[in-house]
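Protein chains: 2
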Amino acid sequence: MTKTGRPQRGDGADAPPSPKRERKASRSAMPLIFDDDDLSEELSADRKFNWSLARGLEILRAFSGGNASLGNGELAEITKLPKPTISRLTYTLKQLGYLQLNARSGKFEPTPAILALGYPVMSTMKIRMIARDYLQQLANEVGLTVAIGGRDRLGMIYVDASHPSTMMTLRLDVGSRVDIATSAMGRSFMHGISAPERELLLGVIEQRAGDDWPTLRDAIQRSFDEIDRRGFCIVDGEFQEDIRGVGVPLVASDGGAVLALNAAGPRFAATLETLETVVGPRLVHLSRSVAPMLNR
Amino acid sequence: MTKTGRPQRGDGADAPPSPKRERKASRSAMPLIFDDDDLSEELSADRKFNWSLARGLEILRAFSGGNASLGNGELAEITKLPKPTISRLTYTLKQLGYLQLNARSGKFEPTPAILALGYPVMSTMKIRMIARDYLQQLANEVGLTVAIGGRDRLGMIYVDASHPSTMMTLRLDVGSRVDIATSAMGRSFMHGISAPERELLLGVIEQRAGDDWPTLRDAIQRSFDEIDRRGFCIVDGEFQEDIRGVGVPLVASDGGAVLALNAAGPRFAATLETLETVVGPRLVHLSRSVAPMLNR
DNA sequence: AATCTAGTTTCGCTGGGCGAAACATGCAAT
DNA sequence: ATTGCATGTTTCGCCCAGCGAAACTAGATT
């Protein structure tokens, strides 16, 4: 969130000059990606874009940063919005039942009501009904978490996840977020989308990567090659130290939705060989079986 | 959503007089409950309340009405907002990645990104980590869906749910919504909250119930009595024909969060006697075990 | 009492958001 | 082609909802 706002109250006699505000011209209206703190740019001068809504949602997102509860001050910090604005938006969200004020700490915390927003997503995804049992079965067999994910900005969100009955660590559940660039799931997803979309995404990833880009680009390219060759890719320790996983694109046969499958876990849970000879092929098979059912 | 808006463009010569607009005085700023289409009232003149945000979120909620995808027209219908407003808000939500336009149907559908909003709720709820295995175990043993839920307006949202490995029907999952007044879970929740809050809620439920209120009130009272007597309540076929369930309040020992547990399924899955002698007591026990862990 | 920190409220301004109406588009029936 | 209907977008000018600087309030700490 940046959108600076408006100058105000230049005020009486010798008030300090309010900081200069720039207004940018909009360029495009592509899918739009942006990560973290950066909406601005594209939308600054878009007459159709409603900033109040965007800001409010950005507040809800702020809680994904690992903090269970946040005060107005912290929210102002995170979102870069002025305090009064935060105050009013949190007030609104509280009235709507999406946030509640923890009397003890004086901070806000998200409520179950927010889950209701996500329900339509989960319930209308046929795959979940269909694939659920396959996921669970595969998870148990290979001892890894098996999940379906879709894109959110520069991350992949777990839409469904099955854990093997044994695994206690690495419980990434529905709604979890993994990086799109360094995870097997993310790369599989990127492989599944159209070329222009992919280029757009990679462009943003490049920007974010900075100096690491050459390395990252090569790694991504290798994953793409793997998928071309045998349908799946393996990522070992790039997304997170000591985590390895397999990814497979999941593309609706009518070209509609694009998702991705993965199977992942701590290194000790699976050798690279197992991933290559057993898990990968199984995932590919799973993907082929459910892809035709994705069409609504 | 009602908040009528502003008159405009009374316009040239003999234009039809734009409809009169009333502006209401605000009354209170209580927790606020409202269901379905009715925010208005309380907030109309609240300087702190941001309507754009509320409207935008209302659009996301509209998809909970069972429709997987909705066009701007339908959304206008449902939310009672004028078309241009809908147009802009859906545009904004699309830009933010929460909605995507299905090219085939020309309608919007919610995306996985929305799940990311709910993740903080799920991840910070310690109970989920702790109770998860108990839930699953109980679910398998009694052959019913066992869930934890919190309130959302006049419904209860499943925060966690475990299905018995056998059950294929009635898969109410995380994010599912059941009525607060006619479900065992809902009534258990109401039993758990403070008296003033409860009265407030019952007031709204009364309004919504209309002529059915006397019957409903008695049924709710009976459930309250059951909970007083033995810790749980049983509801058979009130929430939904052929569904029966047991509910238990789940109150943090520090009085913070209030949730509820339930175990439910189709009638054939459990006799009333089983619910009374086995499932109920087990749920009560579960509630007692995890309640102390609710404090953050 | 003085200083910090955290949040809320005031206040005046103004441009962001608004809806009526006009326009565009798509599809069917005539 | 034309008309009609249904759906969605864009224009346009208005104006008040929302904004942020600054003042204020409330606690906590020194």
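Quick note, the sequences are listed as chains A and B, same order. If you're matching positions, the first sequence starts at 8 in the working numbering and goes up one per residue. If you're matching positions, the second sequence starts at 8 in the working numbering and goes up one per residue. Virtual Cβ for every residue (Gly too), placed ideally from N, Cα, C.
Inter-residue spacing [alpha-carbon to alpha-carbon] between Leu209(B) and Gly252(B): Walking along the second sequence from the start, residue 209(B) turns up at place 202. Walking along the second sequence from the start, residue 252(B) turns up at place 245. Rounded to whole angstroms, Leu209(B) and Gly252(B) show a C-alpha spacing of 21 Å.
Nearest-angstrom Cα separation, counted from Arg139(B) out to Pro171(A): Here the question's residue 171(A) lines up with position 164 in the first sequence. Here the question's residue 139(B) lines up with position 132 in the second sequence. For Pro171(A) and Arg139(B), the distance between alpha carbons rounds to 14 Å.
Residue range of the alpha helix (DSSP H) that includes Arg215(A): Taking the first residue of the first sequence as position 1, residue 215(A) is located at position 208. Counting along the chain, the alpha helix (DSSP H) containing Arg215(A) begins and ends at 202-216.
Cα-Cα separation between Ser59(B) and Arg62(A), rounded to whole angstroms: For the purposes of this step, residue 59(B) is taken as the residue at position 52 of the second sequence. For the purposes of this step, residue 62(A) is taken as the residue at position 55 of the first sequence. One C-alpha to the other measures close to 10 Å.
C-beta neighbour in chain B for Val253(A), strict 9 Å: For the purposes of this step, residue 253(A) is identified with residue 246 of the first sequence, where counting begins at 1. So, not an interface residue.
Proximity test, Cβ basis, 9 Å: Thr131(B) and chain A: Sequence index remark: in the second sequence, residue 131(B) carries index 124 (1-based). The Cβ of Thr131(B) sits closer than 9 Å to at least one Cβ of chain A.
Spatial distance of Gly104(A) from Thr284(A) (CA atoms): Numbered from 1 along the first sequence, position 97 holds the residue referred to as residue 104(A). Numbered from 1 along the first sequence, position 277 holds the residue referred to as residue 284(A). Each residue's Cα considered, the two are about 49 Å apart.
Alpha-carbon to alpha-carbon, Val255(B) and Pro7(B): Summary: the structure shown does not reach residue 7(B), with chain B confined to residues 8 through 303, and so no result is reported for it.
Cβ neighbour criterion (16 or more within 10 Å) applied to Lys114(A): Locating residue 114(A) in the first sequence gives position 107, where the first residue counts as 1. Counting Cβ neighbours within 10 Å, Lys114(A) comes out buried, since at least 16 surround it.
Phe56(B) (DSSP reduced to helix, strand or coil): Walking along the second sequence from the start, residue 56(B) turns up at place 49. Here Phe56(B) sits in coil by DSSP.
Buried versus exposed, by CB contacts within 10 Å (16 or more), Ser47(B): Indexing the second sequence from 1 puts residue 47(B) at position 40. Its pLDDT being 48, under 50, Ser47(B) is placed unreliably in this model, and the coordinates cannot settle the point.
is_contact[Gly215(A), chain B] using C-beta, thresh 9 Å: Your numbering for residue 215(A) matches position 208 in the first sequence. Here the sequence assigns Arg to residue 215(A), which means Gly is not the residue at that position. Not an interface residue.
Beta carbon proximity, Gly12(A) to chain B, threshold 9 Å: Mapped onto the first sequence, residue 12(A) falls at position 5. Confidence at Gly12(A) is low in this model, with a pLDDT of 42, below 50, so the placement of that residue should be treated as unreliable; the coordinate-derived value is given next. No, Gly12(A) does not count as interfacial toward chain B.
Burial state of Arg184(A) (16 or more Cβ within 10 Å): Residue numbering aside, residue 184(A) sits at position 177 when the first sequence is read from its first letter. With 16 or more Cβ atoms within 10 Å of its Cβ, Arg184(A) is classed as buried.
Chain-ordered chain B contacts of Val211(A) [CB-CB under 8 Å]: Reading the first sequence from its first residue, position 204 is the one you call residue 211(A). Neighbours of Val211(A) in chain B, taken as residues whose beta carbon is under 8 Å from its own, are absent, since the nearest beta carbon is some 13 Å off.
Same chain, Cβ closer than 6 Å to Val286(A), neighbours up to 5 away in sequence not counted: The residue labelled residue 286(A) in the question sits at position 279 within the first sequence. The beta carbon of Val286(A) sits closer than 6 Å to the beta carbons of Val149, Val253, Ala270 from its chain, once the five residues preceding and following it are set aside; these are given in chain order.
Among Phe56(B), Thr173(B), Gly80(B), the one whose alpha carbon lies nearest that of Pro91(A): Here residue 91(A) refers to the residue found at position 84 when the first sequence is read from its first residue. Answer by Cα proximity: Phe56(B).
Neighbouring residues, chain B, relative to Leu67(A) (Cβ below 7 Å): One-based indexing of the first sequence puts residue 67(A) at position 60. Result: Leu124.
Cβ-Cβ distance between Met132(B) and Val166(B) below 9 Å: Here residue 132(B) refers to the residue found at position 125 of the second sequence. Here residue 166(B) refers to the residue found at position 159 of the second sequence. Going by C-beta atoms, Met132(B) is nearer than 9 Å to Val166(B).
C-beta neighbour in chain A for Val181(B), strict 9 Å: Numbered from 1 along the second sequence, position 174 holds the residue referred to as residue 181(B). Between Val181(B) and chain A, the shortest Cβ-Cβ separation is below 9 Å.
For Leu124(A), the nearest candidate out of Ile137(B), Leu106(B), Ser112(B) (CA to CA): Your numbering for residue 124(A) matches position 117 in the first sequence. Comparing Cα-Cα distances from Leu124(A) to each of Ile137(B), Leu106(B), Ser112(B), the minimum goes to Leu106(B).
Residue-chain proximity (Pro117(B), chain A), Cβ-Cβ < 9 Å: Here residue 117(B) is taken as the residue at index 110 of the second sequence, counted from 1. Taking Cβ atoms only, chain A reaches closer than 9 Å to Pro117(B), which makes this a yes.
Distance between beta carbons of Ser76(A) and Glu116(A), contact taken as under 8 Å: Taking the first residue of the first sequence as position 1, residue 116(A) is located at position 109. Taking the first residue of the first sequence as position 1, residue 76(A) is located at position 69. Confirmed, Cβ separation roughly 4 Å.
Cross-chain neighbours of Ile187(B) in chain A, by beta carbon under 8 Å: In the second sequence, residue 187(B) corresponds to position 180, counting from 1. Ordered by position in chain A, no residue passes the 8 Å Cβ test against Ile187(B), which lies about 12 Å from the chain.
Length of the line joining the Cα atoms of Leu108(A) and Ala259(B): As a working mapping, residue 108(A) is identified with position 101 in the first sequence. As a working mapping, residue 259(B) is identified with position 252 in the second sequence. In a straight line, the C-alpha of Leu108(A) is about 16 Å away from that of Ala259(B).
Whole-Å CB distance - Phe231(A) paired with Asp186(A), under 8 Å assumed: In the first sequence, residue 231(A) corresponds to position 224, counting from 1. In the first sequence, residue 186(A) corresponds to position 179, counting from 1. Incorrect: roughly 16 Å between the Cβ atoms, too far for contact.
Residue of Asp180(A), Val291(A), Gly162(A) minimising C-alpha distance to Val211(A): For the purposes of this step, residue 211(A) is taken as the residue at position 204 of the first sequence. Ranking Asp180(A), Val291(A), Gly162(A) by CA distance to the CA of Val211(A) puts Gly162(A) first.
Of the listed residues Pro221(A), Ala188(A), Met197(A), nearest to Asp243(A) (C-alpha basis): Taking the first sequence and counting its residues from 1, the one referred to as residue 243(A) is at position 236. Comparing C-alpha distances from Asp243(A) to each of Pro221(A), Ala188(A), Met197(A) shows the shortest one belongs to Ala188(A).
Element boundaries [beta strand (DSSP E), containing Met163(B)]: If you number the second sequence from 1, residue 163(B) lands on position 156. 162-169 is the extent of the beta strand (DSSP E) around Met163(B).
Whole-angstrom C-beta distance between Ile121(A) and Leu96(A), which should lie under 8 Å: By one-based count along the first sequence, residue 96(A) stands at place 89. By one-based count along the first sequence, residue 121(A) stands at place 114. About 15 Å separates the two Cβ atoms, so there is no contact after all.
Span separating the alpha-carbon of Arg205(A) from that of Ile164(B): Position 198 of the first sequence, counted from the first residue, corresponds to residue 205(A). Position 157 of the second sequence, counted from the first residue, corresponds to residue 164(B). The straight-line gap separating the alpha-carbon atoms of Arg205(A) and Ile164(B) is approximately 37 Å.
Cα-Cα separation between Trp220(A) and Arg229(A), rounded to whole angstroms: In the first sequence, counting from the first residue as 1, residue 220(A) sits at position 213. In the first sequence, counting from the first residue as 1, residue 229(A) sits at position 222. Near 14 Å, if we compare the C-alpha coordinates of Arg229(A) and Trp220(A).
Among Leu293(B), Gln143(B), Arg158(B), Leu151(B), nearest to Phe196(B) - alpha-carbon criterion: Within the second sequence, numbered from 1, the residue matching residue 196(B) stands at position 189. Comparing Cα-Cα distances from Phe196(B) to each of Leu293(B), Gln143(B), Arg158(B), Leu151(B), the minimum goes to Arg158(B).
Option nearest Asp180(A) by Cα separation, candidates Ala202(B), Ser130(B), Ala226(B): Taking the first sequence and counting its residues from 1, one reaches residue 180(A) at position 173. Closest by alpha carbon: Ser130(B).
Extent of the continuous alpha helix (DSSP H) run through Val297(A): Against the first sequence, residue 297(A) aligns to sequence position 290. Residues 287-297.
Three-state class that DSSP yields for Gln107(A) in the structure shown: By 1-based counting over the first sequence, the position of residue 107(A) is 100. In the structure shown, Gln107(A) falls within a strand segment according to DSSP collapsed to helix, strand and coil.
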